[in-house]
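K.L.:
Taking my numbering, the leading residue of the sequence shown gets 14, the next gets one more, and so forth.
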Amino acid sequence: MIKSLSVIVPFYNEEENIRDVYSGIASALDNLNLTSEIVLIDDGSKDKTADIAKQISFEDDRVIFVELAVNAGQTAAMMAGIDHARNEVIIAMDGDGQNDPKDIEKLIEKLDEGFDVVSGWRKNRQDKAVSRKLPSSIANRLISKISGVHLNDYGCSLKAYRANVIKNVRLYGEMHRFIPIYASWQGGKVCEIPVDHHARTKGVSKYGLNRIFKVILDLMVIVFLERYLTKPIYLFGGVGLTCLSGAFLAGIYALYLKVIEGVALIQTPLPLLATLLIVTGFTSILMGLLAEVISRTYHESQNKRPYIVREVYSKKP
14 MIKSLSVIVP
24 FYNEEENIRD
34 VYSGIASALD
44 NLNLTSEIVL
54 IDDGSKDKTA
64 DIAKQISFED
74 DRVIFVELAV
84 NAGQTAAMMA
94 GIDHARNEVI
104 IAMDGDGQND
114 PKDIEKLIEK
124 LDEGFDVVSG
134 WRKNRQDKAV
144 SRKLPSSIAN
154 RLISKISGVH
164 LNDYGCSLKA
174 YRANVIKNVR
184 LYGEMHRFIP
194 IYASWQGGKV
204 CEIPVDHHAR
214 TKGVSKYGLN
224 RIFKVILDLM
234 VIVFLERYLT
244 KPIYLFGGVG
254 LTCLSGAFLA
264 GIYALYLKVI
274 EGVALIQTPL
284 PLLATLLIVT
294 GFTSILMGLL
304 AEVISRTYHE
314 SQNKRPYIVR
324 EVYSKKP
């Protein structure tokens, strides 16, 4: 049974919402028989968000206020919250008031069933269809297909994590949405449950369509880390050998045109194409070798292992 939890909430220019969000979380935690804390993170806000959060921390000894010096982005703010959380379960929420703190209890109940990550699914999402819901739907299907971890709503910030699963994860870019994937890599059990979602009534959304491109690029990083972190030569070498094979075929065809068809080499772009592919192929292979050295240095310098042990069984004491 879970005995303690930390709720982390990053804010950026949410002076109109922060007090209501805090009150909702505090009320939800009052109904739970658990040791709890609330970690509020100000992500370099330009308004009075930090001042209000500081005042809240003076009023409630359960509140930890973390003020970032500059706007570092939602992922970095969440990472700061995770680093300062002290309890066995960490629940993350958005600071715009659209997540419902009452769902915290449902997340906890699901964790008690043995899951390591419980992700919220905004099944009845209260956002604009074209600019928010449609791109999100496409992204969720793409991420699920590529990662093999099938969730309906990767973008929902309302998630519950066991601290021992998330504490060792380092997050960059927009990668907070991919935490369930990281957890799955480490053998964690991941599930998803429907949660309530409210329309924004105060403040202005900080999300735009440019976020889609960031997510796609971060997804490429995720795929690379999953498949090629320990053997990058497979990726770069594969590209290199493909280019060299293309160069060989282009050269053979160019010779065929000259000998059989009487077409001079200068009359066809094939020799130039073959040369370009040869250079690209050898460059890719050399990059792969360099990446191998970097990968080994990364693992060995930090005493990392290319495997994760769940438990060791032995009859010996």
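We put the beta carbon where it would ideally sit given N, CA and C, even for glycine.
May I have the straight-line CA-CA distance separating L124 from V182, to the nearest angstrom?
P.N.:
Cα-Cα distance, rounded: 19 angstroms.
K.L.:
At which residues does the alpha helix (DSSP H) containing I31 begin and terminate?
P.N.:
Segment I31 to D43, the alpha helix (DSSP H) holding I31.
K.L.:
In the DSSP assignment, the beta strand (DSSP E) including C204 goes from what residue to what residue?
P.N.:
First-last of the beta strand (DSSP E) with C204: V203 to P207.
K.L.:
By the three-class DSSP mapping on this structure, what secondary structure does D2 have?
P.N.:
Lying outside 14 to 330, the shown extent of the chain, residue 2 is not represented and no answer is given.
K.L.:
Applying the 10 Å Cβ sphere with the 16-neighbour rule, what's the burial state of M91?
P.N.:
Buried, since its Cβ has 16 or more Cβ neighbours within 10 Å.
K.L.:
When you compare only the Cα positions, how much space is there between I1 and R138?
P.N.:
For residue 1 there is no data in the structure shown, the boundaries of the chain being 14 and 330.
K.L.:
Determine which residues share a DSSP beta bridge with H210 and list them.
P.N.:
DSSP output for H210 lists N112 as bridge partner(s).
K.L.:
State buried or exposed for Y269, treating a residue as buried only when at least 16 other CB atoms are found within 10 Å of its CB.
P.N.:
Exposed, because fewer than 16 other Cβ atoms sit within 10 Å of the Cβ of Y269.
K.L.:
Can you check which of these residues, L242, F128 and F249, is closest to S197 by C-alpha distance?
P.N.:
It is F128.
K.L.:
What is the rounded straight-line gap between the Cα of R190 and the Cα of I265?
P.N.:
Computed Cα separation, rounded: 48 angstroms.
K.L.:
Using the three-state DSSP reduction, which class does I311 fall into: helix, strand or coil?
P.N.:
Reading the sequence as shown, one finds Tyr at residue 311 and not Ile. Correct three-state label for Y311: helix.
K.L.:
Can you check the region 80-165 for any beta strand (DSSP E) of at least 3 residues that lies completely inside it and give the ranges in chain order?
P.N.:
Here the runs fully enclosed are 102-105 and 130-134.
K.L.:
In three-state DSSP terms, what is R190?
P.N.:
It is helical.
K.L.:
So D231 and M188 are supposed to be a Cβ contact under 8 angstroms. How far apart are they, rounded?
P.N.:
Yes, they are in contact, since the Cβ atoms of D231 and M188 sit about 5 angstroms apart, within 8 angstroms.
K.L.:
Look up F78 in the DSSP assignment and give the residues it is bridged to.
P.N.:
According to DSSP, F78 bridges with L53.
K.L.:
Count Cβ pairs between the region 49-67 and the region 78-86 that sit closer than 8 angstroms; are there 3 or more?
P.N.:
Touching, yes.
K.L.:
Within the continuous alpha helix (DSSP H) that includes S258, where are the two ends?
P.N.:
I246 to V272 is the span of the alpha helix (DSSP H), which, as asked, contains S258.
K.L.:
Taking the Cβ atom as the reference point for each residue, do P207 and K115 lie within a distance shorter than 8 angstroms?
P.N.:
The answer is no: Cβ separation not under 8 angstroms.
K.L.:
Which partner residues of T48 appear in the DSSP bridge assignment?
P.N.:
T48 pairs with S17.
K.L.:
With DSSP as the reference, label R183 as helix, strand or coil.
P.N.:
DSSP places R183 in coil when its eight states are reduced to three.
K.L.:
When DSSP labels each residue in this structure, what does P282 get in the three-state scheme?
P.N.:
Correct three-state label for P282: coil.
K.L.:
Determine the extent of the beta strand (DSSP E) in which A173 is found, giving its start and end residues.
P.N.:
It spans K172 to R175 - the beta strand (DSSP E) in which A173 sits, taken as one unbroken run.
K.L.:
Comparing alpha-carbon positions, which option in G259, E50, G110 and D73 lies nearest H97?
P.N.:
Selected option, being the one with the closest Cα: E50.
K.L.:
Which same chain residues end up closer than 7 angstroms to P23 when comparing Cβ atoms and leaving out the 5 residues on each side of it in sequence?
P.N.:
Closer than 7 angstroms at Cβ, skipping near neighbours: I54, D56, Q87, A90, M91, G94 and G108.
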